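Taking it in order: structure first as structure tokens, then the write-up.
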Amino acid sequence: MSRSSITELAALLGTIPATLSRAFDELSTQGIISVNGAEIRICDRQRLQRMGEQ
Numbered sequence: 003m004s005r006s007s008i009t010e011l012a013a014l015l016g017t018i019p020a021t022l023s024r025a026f027d028e029l030s031t032q033g034i035i036s037v038n039g040a041e042i043r044i045c046d047r048q049r050l051q052r053m054g055e056q
């Protein structure tokens, strides 16, 4: 993702770009998402949903 895209998405989510980047890195490392350019793909929907329920 471009820096401006991360900044815009972070603003929409009510966070800061550094926090969003760390979250994407962690989710990617765990195989829950993959980030390729401006595309974010959910690879493990069930795990992502469980994380959101906690």
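To convert, note that position 44 of the sequence shown is 46 in my numbering; the numbers rise steadily by one, no gaps.
Using N, Cα and C, we set each Cβ at its ideal position, and we do this for glycine too.
Since we're looking at a predicted model, the values are computed, not measured.
What does DSSP give as the partner residues of residue i in its beta bridges?
i, result
"I34", "I34 pairs with nothing; no bridge assigned."
"I44", "I35"
Between residue i and the rest of its own chain, which residues show a CB-CB distance below 7 Å, the 5 nearest in sequence each way excluded?
i, result
"I18", "A12"
"A37", "It is worth fixing the name first, because residue 37 is Val in this sequence and not Ala. M3, F26 and S30."
"I42", "I35"
Under a Cβ-count criterion, where at least 16 other Cβ atoms within 10 Å of its own Cβ denotes burial, should residue i be classed as buried or exposed?
i, result
"I44", "exposed"
Residue i and residue j look like a contact to me (Cβ under 8 Å); what is the Cβ gap, rounded to whole Å?
i, j, result
"L29", "I8", "That belief does not hold up - the Cβ atoms of L29 and I8 are roughly 14 Å apart, past 8 Å."
"R49", "I34", "5 Å"
Going by beta carbon distance, what residues of the same chain come within less than 6 Å of residue i, once the five residues before and after it are set aside?
i, result
"G39", "none"
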